[in-house]
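Presented below is the structure to which this report refers.
Protein chains: 4
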Amino acid sequence: MRALVKTTPGYGCELVDFPVPSPGPGEALVRVAVAGICGTDLHIYKWDPWAQSRIRPPRVIGHEFCGTVVATGEGVDTVKAGDRVAGECHVACGRCVPCLGGQPHICQRLEIIGIDCDGAFAEYVVLPAGNAWQLDQGIPFDVAAIMDPLGNAVHTAMATELPGRSVLITGCGPIGLMAIPVCKMAGAGSVIASDVTESRLTLARRMGADLVLDARDGAVAERVRERTGGSGADAVLEMSGHPSGIRDALQAVRGGGWVGLLGLPGAPVELDLVNLVIFKEVRLQGIFGRLMWQTWEQMSAMLRQGLDIRPIITHRLPLERFKEAFERLESGGAGKVILTIES
Amino acid sequence: MRALVKTTPGYGCELVDFPVPSPGPGEALVRVAVAGICGTDLHIYKWDPWAQSRIRPPRVIGHEFCGTVVATGEGVDTVKAGDRVAGECHVACGRCVPCLGGQPHICQRLEIIGIDCDGAFAEYVVLPAGNAWQLDQGIPFDVAAIMDPLGNAVHTAMATELPGRSVLITGCGPIGLMAIPVCKMAGAGSVIASDVTESRLTLARRMGADLVLDARDGAVAERVRERTGGSGADAVLEMSGHPSGIRDALQAVRGGGWVGLLGLPGAPVELDLVNLVIFKEVRLQGIFGRLMWQTWEQMSAMLRQGLDIRPIITHRLPLERFKEAFERLESGGAGKVILTIES
Amino acid sequence: MRALVKTTPGYGCELVDFPVPSPGPGEALVRVAVAGICGTDLHIYKWDPWAQSRIRPPRVIGHEFCGTVVATGEGVDTVKAGDRVAGECHVACGRCVPCLGGQPHICQRLEIIGIDCDGAFAEYVVLPAGNAWQLDQGIPFDVAAIMDPLGNAVHTAMATELPGRSVLITGCGPIGLMAIPVCKMAGAGSVIASDVTESRLTLARRMGADLVLDARDGAVAERVRERTGGSGADAVLEMSGHPSGIRDALQAVRGGGWVGLLGLPGAPVELDLVNLVIFKEVRLQGIFGRLMWQTWEQMSAMLRQGLDIRPIITHRLPLERFKEAFERLESGGAGKVILTIES
Amino acid sequence: MRALVKTTPGYGCELVDFPVPSPGPGEALVRVAVAGICGTDLHIYKWDPWAQSRIRPPRVIGHEFCGTVVATGEGVDTVKAGDRVAGECHVACGRCVPCLGGQPHICQRLEIIGIDCDGAFAEYVVLPAGNAWQLDQGIPFDVAAIMDPLGNAVHTAMATELPGRSVLITGCGPIGLMAIPVCKMAGAGSVIASDVTESRLTLARRMGADLVLDARDGAVAERVRERTGGSGADAVLEMSGHPSGIRDALQAVRGGGWVGLLGLPGAPVELDLVNLVIFKEVRLQGIFGRLMWQTWEQMSAMLRQGLDIRPIITHRLPLERFKEAFERLESGGAGKVILTIES
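Protein chains in written order, with our numbering: chain H, 6 to 348; chain R, 6 to 348; chain E, 6 to 348; chain A, 6 to 348.
So, in structure tokens, the structure goes:
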């Protein structure tokens with residue numbers, strides 16, 4: 006089969022001929038229809054220090070995907086050939102303390118498809134049958150391919166109470182952009198979005214933000230307070246991963262408010278805990294992955310309710326044009342870039 | 006001043022000339038603009054056993070109201086003459102265990118305006134200044150007059166998680182009807198409403214219910230399950246107070262689901278706790294009044310977001326036509342009936 | 006092997022020779038050491054209407070048990086021969102909405118060991134490997150055998166906030182009795198226990214109840230209010246299943262308080278919802294089974310902390326003396342009755 | 006009256022003759038019995054930059070206190086002359102968004118007794134009657150004087166679930182020390198305490214810590230993981246305010262765990278959010294003051310249950326020996342230092 010593989014340590018990937026994997030006990034073989042490129046894929050592609058420490062070539066990359074089950078291994082009864090599925094890329098052990106406590110998404114022995122085992126930028130991928138989510142009938146593959154990052158947005162948004170609340174989203178990458186209609190649909194009273202690039206602010210407006218702030222002004226918190234009668238935002242979804250975005254988040258949140266931290270800063274961040282967290286009794290919560298399977302249920306419900314995330318898909322390219330896809334992503338001007346695989 | 010007074014024990018009320026009350030320390034005198042008639046007012050009007058046990062004539066009745074502050078007593082600095090306000094009719098003592106624990110709405114020595122002291126079906130009413138809610142500028146008096154029952158709807162809805170959830174509302178009186186757009190605005194995935202009268206089902210449709218069920222069919226739970234993929238409703242707002250509505254609620258709620266009980270049944274109700282509550286791990290919650298002042302904050306936020314409750318107001322009558330107003334209410338065909346007082 | 010079997014529809018069970026079961030894929034074969042007799046077993050033994058509707062003879066009964074794994078079927082890697090385990094008797098499907106939502110204990114297709122498949126009053130029992138809980142080293146089999154009902158007590162107690170709170174436990178059967186030290190250990194400020202039999206009230210005192218009330222006086226709620234400064238209990242654990250116990254629970258709970266319903270009444274119960282639930286904003290919660298696996302983690306932590314439940318075990322009998330065991334249980338004077346099986 | 010006053014900008018305070026204050030409307034005059042010295046008082050005493058920015062001399066300092074009401078202003082009906090009371094030093098406005106939302110302890114216009122108005126290191130102090138907490142009969146003034154910092158400990162501990170959980174307390178100053186028995190009484194499975202001074206570690210052992218760690222080893226997180234089966238602490242109460250204590254807290258907490266931040270670092274702190282917060286889905290919560298009045302209710306319940314905090318009081322000195330008291334505090338070797346005032 007054709008597969009995009011990190012063949013050797015170093016920059017880039019190669020589109021090579023690779024053996025079709027075979028499903029073991031409890032596993033499913035999926036013919037991949039569409040896959041999304043994640044920022045993590047770009048880190049691997051560029052072979053940054055994190056990638057060097059984690060990836061063992063040769064490795065088929067790609068972990069946001071959907072497709073059709075074509076075969077199942079022994080003991081699988083949750084999916085069958087012909088089922089349309091999306092993949093949950095986090096594979097939990099099922100036996101550690103978080104797994105036993107109902108939090109497999111923070112499993113202590115978590116493995117990630119496309120990182121710790123072969124992934125989905127290929128014609129076929131194998132995954133544990135329990136990681137294949139049955140798609141509702143009406144959901145197109147374009148959407149299903151990015152349910153993984155949509156799940157990040159939904160998991161973050163659902164971690165706090167939204168009805169009637171004022172919400173700030175710092176960072177309008179694909180997840181931040183998807184969080185805008187998610188919060189609106191979940192009843193947020195107003196959604197303010199901030200970013201530092203014009204094209205993303207335009208997309209934020211298109212996704213339904215009530216107010217869009219250019220964070221380069223350095224006045225995000227001030228303008229959020231103006232908009233919220235002086236109090237600040239009830240909830241902030243930090244999706245930039247930039248120290249300044251994180252500080253905007255903490256400055257803009259009201260006393261007693263909540264900040265979900267999803268964006269990943271590249272280095273430790275200096276925070277004024279006394280004034281921004283302790284005196285204000287702010288609650289911060291790290292957010293990782295998606296709840297299995299509450300988040301998937303919630304996503305499906307929202308898609309049935311009419312949630313439309315397709316405007317964030319700015320580029321659709323066939324697998325063969327992967328170089329162009331990665332370039333688009335790297336340029337910063339893109340929304341979501343997806344690869345179509347099944348011909 | 007003109008005031009509608011239960012002058013003596015017995016049926017009905019009289020429109021009489023009554024002394025304008027005078028605000029004591031900590032109190033405000035409000036010129037009443039509009040007032041809503043509540044089911045409780047009808048109980049008092051008809052002088053039912055509950056009313057006989059609670060009301061001490063002569064008593065000016067009426068507890069859903071709004072108007073303009075005209076004078077304040079000593080030590081009042083939260084409102085001033087000229088302020089447009091709505092009244093919270095529950096007067097809490099501030100010192101009992103619930104009050105000290107942040108739950109003044111279930112104060113052990115709760116007094117109710119229009120029941121335990123003179124009320125608002127009059128040109129003027131006195132209330133503790135702390136019970137006067139400052140109105141946002143754009144809110145018309147028609148709406149402000151029924152923020153008290155709207156608060157019941159909002160308090161019930163906000164007591165559970167709604168985003169993406171399926172909600173059943175049993176009982177489409179004014180509070181049930183207002184709960185429909187409240188739940189939709191709070192992100193509910195679908196709102197099903199049931200009642201036994203045609204006119205109310207029609208209003209429920211107008212208020213935005215996704216599915217309207219005639220409970221006389223005896224198949225509410227079955228149809229809710231059909232609509233929810235076999236599971237049942239995630240949350241039920243019981244607003245009928247009828248034993249059959251309560252049973253519909255418990256039968257229709259899914260395992261692990263939530264039922265808010267707001268409607269007041271006239272007698273003890275027989276419940277199959279084993280199958281409808283225990284085996285399903287259902288959570289039931291009694292709901293009373295409105296949270297002070299979270300619910301008022303939430304209501305105000307929702308009204309700013311565009312919540313429109315005016316379609317439930319089916320009758321607007323001047324105070325003088327109170328008999329007609331009570332007749333309309335008693336007939337069962339009405340939505341909300343309001344009395345305009347300030348000329 | 007020796008096994009206690011409901012061989013035919015009708016009263017009683019027989020100790021017969023029965024084939025040793027063989028573990029299929031994903032299953033474990035356990036040599037049973039000790040098993041507890043549950044009220045449910047008595048219902049089956051006496052062949053009451055519920056048993057007639059649910060049990061299909063021949064059926065080995067018994068679902069509270071512990072022992073040692075002797076063999077495992079294909080694909081099992083969570084337990085191995087030699088492991089000491091206790092059994093979770095609820096077998097969840099893993100695929101229904103509650104299962105996917107993290108609530109397998111209220112699985113829509115729940116099967117129960119000893120009811121829907123062969124159970125543990127036998128030398129050997131087969132169970133899904135995922136239902137075998139690895140015992141901490143120091144836990145004796147006597148205790149491990151009743152972790153299933155202990156789990157009911159812990160699941161109920163942990164469903165509300167206990168530190169510093171006043172707790173009433175209505176009903177001092179084995180689960181109610183175990184709930185006493187569980188609540189104390191979880192920080193309850195005071196634990197009041199009520200029952201209608203002298204021997205159980207004596208056991209309740211021995212288990213550490215701060216106050217023990219004879220419910221035959223009809224004054225449980227009154228005495229609870231006296232003890233709690235007039236307010237009522239913060240939390241009630243209803244473990245009697247009797248209508249009068251349930252009414253005591255609702256009358257004794259304070260406004261805004263919580264009632265966990267675990268005891269199973271034999272028929273629908275008439276409740277004064279208005280005064281006991283709605284006006285008081287009481288929260289009721291049905292409780293079933295044990296959370297998988299948070300409750301098991303919590304139990305294990307408490308046993309490590311020194312929780313001692315052995316005083317409730319009033320009778321230890323070999324499997325052969327099952328008739329005497331069931332008689333003891335039926336008489337009402339017993340605490341927990343356990344059967345020792347492994348010789 | 007005698008009063009300890011910051012008479013002029015600069016180091017130290019003076020014991021001077023000062024006019025007895027007079028209670029205005031809604032206020033109470035209290036004859037002070039005992040007062041505790043807080044770290045904040047030391048900051049004022051030493052006239053550090055924070056004190057210079059906030060304190061306007063002349064100012065009677067001191068905000069942890071108890072005593073007897075001797076007079077009340079107009080409109081006070083919650084306390085009367087002769088009542089024994091402790092003071093809540095945070096005076097909330099009652100009208101801002103947090104106040105209206107049930108969170109007066111993070112009032113946007115919060116004033117603090119002894120900082121923004123005259124305090125309690127004096128024979129008499131005036132406070133809003135609503136800030137006087139009625140003492141249970143058996144509570145000695147020594148204990149009542151430090152209910153304010155005890156309330157910090159209880160508010161922190163009660164902000165998370167403790168029954169059966171492993172808890173780490175970083176920092177064994179008076180509040181950290183009091184948190185040890187508070188957590189034990191609230192059902193914590195084990196309490197580990199860390200500090201960098203020998204005398205405090207000794208006190209921590211005396212207060213009941215199950216394990217005491219000398220943080221100078223740099224191995225707090227490692228030893229916590231060893232003690233908790235490799236997972237880390239379920240909850241951490243950060244009460245040191247030191248960057249290294251905060252980092253220990255984040256490193257030692259398990260995935261999905263909770264960290265309460267009460268200690269006040271003197272400068273911004275650099276945190277590895279990715280590995281210590283986001284990937285682990287840690288929840289952080291700033292903690293400030295005490296909930297009004299849930300925390301006071303909880304404290305009172307715990308004191309009735311037998312909570313004994315007196316071992317942390319290492320020095321009792323008359324007001325006249327204030328210099329010695331401040332020296333003891335500054336030396337770092339002391340636990341709690343209290344001033345006895347009423348002769």
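Even for Gly, the Cβ is constructed at its ideal location relative to N, Cα and C.
All of these numbers come straight from a predicted model, not from anything done at the bench.
To the nearest angstrom, how far is it from the Cα of residue i to the Cα of residue j?
i	j	result
Ala254 (chain H)	Ala226 (chain H)	8 Å
Val25 (chain R)	Asp121 (chain R)	18 Å
Leu9 (chain E)	Gly80 (chain H)	32 Å
Ala209 (chain A)	Leu182 (chain A)	6 Å
Asp277 (chain R)	Gly261 (chain R)	16 Å
Cys94 (chain H)	Gly169 (chain H)	33 Å
Arg259 (chain H)	Val172 (chain H)	11 Å
Phe331 (chain E)	Arg59 (chain R)	54 Å
Gly87 (chain R)	Asn136 (chain R)	16 Å
Pro28 (chain R)	Pro248 (chain E)	49 Å
List the whole-angstrom C-beta distance separating residue i from residue j, where the pair is believed to meet the contact cut-off of C-beta under 8 Å.
i	j	result
Ala220 (chain R)	Asp200 (chain R)	6 Å
Leu167 (chain R)	Gly192 (chain H)	7 Å
Leu334 (chain A)	Ile151 (chain A)	The Cβ separation is near 13 Å, so there is no contact.
Val35 (chain H)	Val74 (chain H)	6 Å
Could you list which residues in chain H have their beta carbon closer than 8 Å to that of residue i, in chain order?
i	result
Gln290 (chain A)	Glu286, Val287, Arg288, Leu289
Does any C-beta atom of chain H lie closer than 7 Å to the C-beta of residue i?
i	result
Gln57 (chain A)	no
Met152 (chain R)	no
Arg100 (chain E)	yes
Thr13 (chain E)	no
Please compile the residues from chain H whose C-beta is within a distance smaller than 9 Å of the C-beta of residue i.
i	result
Leu276 (chain A)	Pro273, Val274, Glu275, Leu276, Leu278
What in chain A is Cβ-close to residue i, meaning under 7 Å?
i	result
Gln303 (chain E)	Gly169
Please compile the residues from chain R whose C-beta is within a distance smaller than 7 Å of the C-beta of residue i.
i	result
Met163 (chain H)	Pro168
Thr83 (chain A)	Arg100
Does the CB of residue i have a neighbour CB from chain E at under 7 Å?
i	result
Met307 (chain A)	yes
Gln310 (chain A)	yes
Pro109 (chain H)	no
Thr77 (chain H)	no
Leu34 (chain R)	no
Any beta-carbon of chain A closer than 7 Å to the one on residue i?
i	result
Val96 (chain H)	no
Ser336 (chain H)	no
Would you mind telling me which residues of chain H sit closer than 7 Å to residue i, beta carbon to beta carbon, in chain order?
i	result
Gln256 (chain A)	Per Cβ cutoff of 7 Å: no residues; Gln256 (chain A) is ~13 Å from chain H at best.
Chain R beta carbons: is any one of them nearer than 7 Å to that of residue i?
i	result
Gln299 (chain A)	yes
Run down chain E in chain order and give the residues with a C-beta less than 9 Å from the C-beta of residue i.
i	result
Ala191 (chain A)	Leu167, Pro168, Gly169, Ala191, Gly192
Pro30 (chain H)	Pro30, Glu79, Gly80
Under 8 Å Cβ-Cβ, which residues of chain R neighbour residue i?
i	result
Gly106 (chain A)	Trp298, Gln299, Glu302
Using the beta-carbon of each residue, which ones in chain E are nearer than 7 Å to residue i?
i	result
Val241 (chain R)	Residues of chain E passing the Cβ test: none, with the nearest at roughly 14 Å.
Whole beta strand (DSSP E) elements within the region 238 to 269 of chain E, 3-residue minimum: 238 to 243, 258 to 266
Runs of beta strand (DSSP E) wholly within the region 47 to 101 of chain A (minimum 3 residues, chain order): 69 to 77, 89 to 92
Every unbroken beta strand (DSSP E) inside the region 98 to 172 of chain H [3 residues or more]: 129 to 133, 137 to 139
Continuous alpha helix (DSSP H) assignments of at least 4 residues falling wholly in the region 178 to 248 of chain A: 179 to 190, 203 to 211, 225 to 232
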